[in-house]
Amino acid sequence: MLRHGLQVALFNTLLWGLSLMANGTEHWDVELVYNQAIGLSIWSIIEAGRILLCEPGHAWPSWSRALPLIAGAIVVGWIVGSQVGNLYCGCSNWTFLSQSPRRLRSAIAFTIGASTVATYYFYSRGKALADREKLAAAERDATLARLSLLQSQLEPHMLFNTLANLRVLIAMDPARAQAMLDRLIAFLRATLTASRSASHSLAAEFERLDDYLELMSVRMGSRLSTQLTLPDELRDLPVPPLLLQPLVENAVKHGLEPKVEGGHIDVTAERHDGLLALSVRDSGLGLGAAESNGPGTQFGLRQVRERLHALYGERARFSIDALPDGGTLARITLPLDPPAP
């Protein structure tokens, strides 16, 4: 509001300058006082009325309310501003104007025109700002809805893969299947709570990964070795829930499990060039073998890309590369500050 008031004062000064060019510079200070007093009075009344009359979520009232407001503000603002000017000069502008009907008509027309121009200017700016805010809110709502959809797709995908593993294990080793089922129940109980929130700590993300890898170790036994590295100073950083889960799941299912001797998976978090760098490295069959396993391989990777883009835009990076000695490296870089809500 203060910024608008300063803009009105600047506009009044411009009109005062035009008036001096047309009528001469005699009594320039008196004209400046009248000009500012009338203009600011009209603006103050319109601004107060706008705040009182506009509906929630709108910057301006409807035209059925705005037009009477503007007309009344011009009349009342003229009277109030004139009284301020009269006090300054010790005279009456009404007496002067009434002696010259032509000057009176010009003053009234000038005031109405200037008020209309100023009102339209602020109305247009206010409406444009309100439209931008509505658009931004709609985009935020669409992003949240899309993230919710992506996450709802990810959870059953992970569960179905685990149940498929469990089905195979029941026939092969019932005792291990029972242990795996117990792990699965504990894992789902912890995961469901985390997956319903917009973000959780990086420590919680690593805890869910540890639960999942413990679950997979029941199936793979000594064929699977793991290492999770999370520095203490990064534990409380907020990240989207289950962000790394698809990468770890792909590494196990498509890289390590098909490999006869199994292998190692290493999940690391570190601060790099002012960014949070998350990596999932495995010693499995490699990227080419994983891609040959069909579209299921790409589902989790697509989820990761889409979630990162929806939350961080161009500020996040995701890459997946084949390692020279075999295996795959998936890497995510994020800004350290949380995404905007």
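Under the numbering used here, the first residue of the sequence shown is numbered 1407, with each subsequent residue one higher.
Built from N, CA and C at the ideal position, the CB exists for glycine as well.
In this text, all values refer to a predicted model and were calculated from it rather than measured experimentally.
For L1686, report the span of its beta strand (DSSP E) as first-last. The displayed chain sequence assigns Val, not Leu, to residue 1686. Under the DSSP assignment, V1686 falls in the beta strand (DSSP E) whose first and last residues are 1681–1688.
Using C-beta distances below 6 Å, list every residue in its chain close to S1607, excluding the 5 sequence neighbours before and after it, in chain order. For S1607, the CB contacts under 6 Å within the same chain, skipping 5 residues up- and downstream, are D1642 in chain order.
With a threshold of 6 Å on Cβ separation, who are the neighbours of G1690 within its own chain once the five nearest residues in sequence on each side are excluded? The residues are G1661, L1662, K1665, G1669, G1733.
I'd like the list of long-range same chain contacts for T1674, defined as Cβ closer than 6 Å, with 5 residues on each side in sequence excluded. Around T1674: T1635, S1685.
My output table needs one value for S1488: the three-state DSSP class, helix, strand or coil. Residue state, collapsed to three classes: helix.
Taking buried to mean at least 16 other C-beta atoms within 10 Å of its own C-beta, is L1560 buried or exposed? Bear in mind that a pLDDT of 47 at L1560, under 50, signals an unreliable position, so the model cannot answer this.
How is V1666 classed by DSSP in three states: helix, strand or coil? DSSP, reduced to helix, strand and coil, places V1666 outside both helices and strands of the structure shown, so it counts as coil.
Any chance you could list the beta strand (DSSP E) runs of at least 3 consecutive residues sitting entirely within the segment 1578–1615, in chain order? Scanning the segment 1578–1615 from its first residue to its last, no whole beta strand (DSSP E) run of 3-plus residues comes out.
Distance, Q1442 Cα to L1682 Cα: Computed Cα separation, rounded: 55 Å.
Might you give, ordered along the chain, the residues of its own chain that have their beta carbon closer than 6 Å to the beta carbon of P1652, omitting 5 neighbours on each side? Cβ neighbours of P1652 beyond the five flanking positions: G1706, Q1709, V1710.
Buried or exposed: D1688, going by 16 or more other Cβ atoms within 10 Å of its Cβ? Buried is the call here.
Anyone know if the C-beta pair for V1654 and I1671 falls short of 8 Å? The criterion of a C-beta distance shorter than 8 Å is satisfied by V1654 and I1671.
Would you report the Cα separation of L1556 and E1712, rounded to the nearest angstrom? Any reading at L1556 must be qualified, since the residue scores a pLDDT of 49, below 50, and its modelled position is unreliable; no value is offered.
In the structure shown, what three-state DSSP assignment does R1641 receive? Per DSSP, reduced to three states, the secondary structure at R1641 is coil, with no helix or strand assignment.
In the DSSP assignment, the alpha helix (DSSP H) including P1652 goes from what residue to what residue? Start and end: 1651–1656.
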